[in-house]
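Heads up, the sequence shown is in numbering that gives the first Met the number 0, so the first residue is 0 and it goes up one at a time.
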Amino acid sequence: MQLRTYGDDEDCLDSQDTKYFPFDAHWSKIVDVMQEGLLLVDTNGTIRMVNKALEEITGYSREELVDLSCTIFNCDACMRVRSDAQSAWCKLFEKGKIVRRKCHVMRKDGTYVTVLKTASVLFADDGTPLGAVETLTDITELDRKENELQQLSRLLDENTIFHGMVGRSAKMHKIFKLIEKAAQSDAPVFICGESGTGKELVARAIHDLGPRSDEPFVQFNCAALNEALLESELFGHVKGAFTGAFRHRQGRFEAAHGGDIFLDEIGDLPMSVQVKLLRVLETKTFERVGENRQLSVDVRIITATNKILPELIYSGEFREDLFYRINVVPIHLPALRERKEDIPLLADYFVQRLRCKSEKDIKGLSPRTLRMFMDYSWPGNVRELKSSLEYAFVLADSGHIEPEHLPATLQAPEFQAATPVQGIAQEDDQKKQLIQALRQSGGNKSEAARILGINRVTVLNRMRKYGIDLKKVIHH
Ligand SMILES: Nc1ncnc2c1ncn2[C@@H]1O[C@H](COP(=O)(O)OP(=O)(O)OP(=O)(O)O)[C@@H](O)[C@H]1O
0 MQLRTYGDDE
10 DCLDSQDTKY
20 FPFDAHWSKI
30 VDVMQEGLLL
40 VDTNGTIRMV
50 NKALEEITGY
60 SREELVDLSC
70 TIFNCDACMR
80 VRSDAQSAWC
90 KLFEKGKIVR
100 RKCHVMRKDG
110 TYVTVLKTAS
120 VLFADDGTPL
130 GAVETLTDIT
140 ELDRKENELQ
150 QLSRLLDENT
160 IFHGMVGRSA
170 KMHKIFKLIE
180 KAAQSDAPVF
190 ICGESGTGKE
200 LVARAIHDLG
210 PRSDEPFVQF
220 NCAALNEALL
230 ESELFGHVKG
240 AFTGAFRHRQ
250 GRFEAAHGGD
260 IFLDEIGDLP
270 MSVQVKLLRV
280 LETKTFERVG
290 ENRQLSVDVR
300 IITATNKILP
310 ELIYSGEFRE
320 DLFYRINVVP
330 IHLPALRERK
340 EDIPLLADYF
350 VQRLRCKSEK
360 DIKGLSPRTL
370 RMFMDYSWPG
380 NVRELKSSLE
390 YAFVLADSGH
400 IEPEHLPATL
410 QAPEFQAATP
420 VQGIAQEDDQ
430 KKQLIQALRQ
440 SGGNKSEAAR
450 ILGINRVTVL
460 NRMRKYGIDL
470 KKVIHH
């Protein structure tokens, strides 16, 4: 029995009768706008019809395919078993249909494409098989992503990743152990380390691993607001407490009740608010702005800063008594240049993650780039490494990431340091890099922060610290 095929006879689907289904006359167009490849074979396995998407998937034209055997696709899942003259079905068809089977079909150029195949046998009213319809969905891209995810999970066994933190150095392993212990206690945790070393990740891990993990985790950046707003943001205010306080507002401490509060950039907390925070730590009570009532609160406090608090105590900007209260369990995160053995692993990790999000087939770092990564001092630490790779994914097209795909700050030899740079030399480098990034960004601080792999608040702090005048820098 022969199938009447699409194109043989435009009237075959009752195109005159549009009363019931006005699209009947347009079947050829309908199958051609389908995203899936469509293939019609007769009982001998001879191709009778294909649509446009199938031409695109296989690289063959319609004319080339019609009248050929479907074995031309060399499909790895079609173990063709011809039991008698009438039945030429692939083993897959024995059940009458197959649903979303992953297989590989050969294109005209000899390459293979991964497809999801769905197929059904067509029967006449008397039960005689007429042929079969197959749809093929190209999943090459999905398949690639799946392989990448598998690669990523192979890369990251439990010894190299800890709650989103990647590291195989002895220093990071010590930190992972410390986090586990700190999480179980209710004592305040103080996380210090340079910008971009992962302090926020540590705070999150402490919450997730601790007994308060089902309770709130409230995060607050103490450098984000001015002194007047800070207090009401942290402790809340009552209606009429100040101009503009039209209603009661719950503060962050109340919101964190039962859970953990993470106060980031604690070194930037103004003195007036430091006193109030000290009170919360000592008495576990606070007052809303504009109210005299004491409210008790049960929160564990986690703080972090990239500043050296003893220096701030010395200069009178931070209360010593508060420092002792928050610094019960100190966690010091080492700078990336102090744990260089983590650099290749972190780079692989970020490359794999970026590959999953990108269409580009970027394989990793070239040996030259890896050497450069190992020699660089990474003032912006892991954040800078991550954003350099994001930058490289924009510039590179495929293959390996070469030094020329990296941000200018990594390429300028005067900013590279093979050995840890300390004290004044480091500050000098930091200032030069900031000036260069601000020039590069035309004075845009957020963009400069992105270039350096640090956050905007750190850019502002450093500009203040080094007395950088934006106008002078740009018009230099
Ligand atoms: N060990 C790590 N593994 C994977 N990603 C990391 C690691 N450390 C940091 N990161 C990533 O680097 C970026 C910066 O991390 P994070 O914000 O925790 O740093 P930070 O020390 O809090 O910085 P800042 O002081 O500027 O606030 C984030 O995108 C984070 O996911």
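Virtual Cβ for every residue (Gly too), placed ideally from N, Cα, C.
Using three-state DSSP, classify Pro402 as helix, strand or coil. In the structure shown, Pro402 adopts helical secondary structure according to DSSP, grouped into three states.
Which residue from Tyr313, Glu310, Pro366 and Gly379 puts its Cα closest to that of Ala334? Closest option to Ala334, Cα to Cα, is Gly379.
Please confirm whether Ile400 and Ser365 have their CB atoms less than 9 Å apart. A contact, by the Cβ cut-off of 9 Å.
Element boundaries [beta strand (DSSP E), containing Thr302]: Annotation for Thr302: the continuous beta strand (DSSP E) segment containing it runs Arg299 to Thr304.
Nearest-angstrom Cβ-Cβ length linking Arg167 and Leu344, presumed shorter than 8 Å: About 6 Å; that satisfies the 8 Å criterion.
With DSSP collapsed to three states, give me the class of Leu520. Outside the shown range of the chain, which is 0 to 475, sits residue 520, and nothing can be said about it.
Helix, strand or coil for Met462, going by three-state DSSP, please let me know. Helix.
Inter-residue spacing [alpha-carbon to alpha-carbon] between Val298 and Leu384: Taking the straight line from one Cα to the other gives about 34 Å.
Quick check on the burial criterion: 16 or more other C-beta atoms within 10 angstroms. Buried or exposed for Val279? Around the CB of Val279, 16 or more other CB atoms lie within 10 Å, so the residue is classed as buried.
Based on the DSSP output, what are the partners of Tyr111 in its beta bridges? Per DSSP, Met105.
What span of residues does the beta strand (DSSP E) with Asp263 cover, start to end? Where Asp263 is concerned, the enclosing beta strand (DSSP E) starts and stops at Asp259 to Asp263.
Rounded separation between Ile473 and Leu200 - CA only: If you take the alpha carbons of Ile473 and Leu200, they lie about 35 Å apart.
Are Phe219 and Phe261 closer than 9 Å when you measure CB to CB? Taking the C-beta atoms as reference points, Phe261 is found nearer than 9 Å to Phe219.
Just the Cα atoms here: how many angstroms apart are Arg248 and Ala182? Approximately 30 Å, taken between the alpha carbons.
Assigned secondary structure, Met33 (DSSP; H/G/I helix, E/B strand, else coil): Looking at Met33 - three-state DSSP - the assignment turns out to be coil, as it is neither helix nor strand.
Own chain partners of Cys74 with C-beta closer than 6 Å, once the 5 adjacent residues on each side are dropped: Within the same chain, and ignoring the five residues on either side of Cys74 in sequence, the residues whose Cβ sits closer than 6 Å to its Cβ are Cys102 and Val104.
Tell me the DSSP secondary structure of Gln415 in three-state form. The pLDDT assigned to Gln415 is 47, lower than 50, so where the model puts this residue is not dependable, and the model offers no usable value.
For ligand 1, I want to know if Asn380 counts as a neighbour, meaning its beta carbon is within less than 8 Å of at least one of the ligand's heavy atoms. Yes; taking the cut-off as 8 Å, the Cβ of Asn380 has a heavy atom of ligand 1 nearer than that.
Nearest to Thr304 (by Cα), restricted to the options Lys180, Phe122 and Lys198: The shortest Cα separation from Thr304 among Lys180, Phe122 and Lys198 belongs to Lys198.
By a C-beta neighbour count over all protein chains shown, 10 Å radius and 16 as the cutoff for buried, is Gly163 buried or exposed? With fewer than 16 other Cβ atoms inside 10 Å of its own Cβ, Gly163 counts as exposed.
Is the separation between the beta-carbon of Tyr48 and that of Val65 shorter than 9 Å? In the sequence as displayed, the identity of residue 48 is Met instead of Tyr. Going by C-beta atoms, Met48 is nearer than 9 Å to Val65.
Within the same chain, show all residues whose beta-carbon is closer than 8 Å to that of Lys96, passing over the 5 residues directly before and after it, in chain order. Scanning its chain for C-beta atoms nearer than 8 Å, with the 5 sequence neighbours on each side dropped, one finds around Lys96 the residues Thr117, Ala118, Ser119 and Val120, in chain order.
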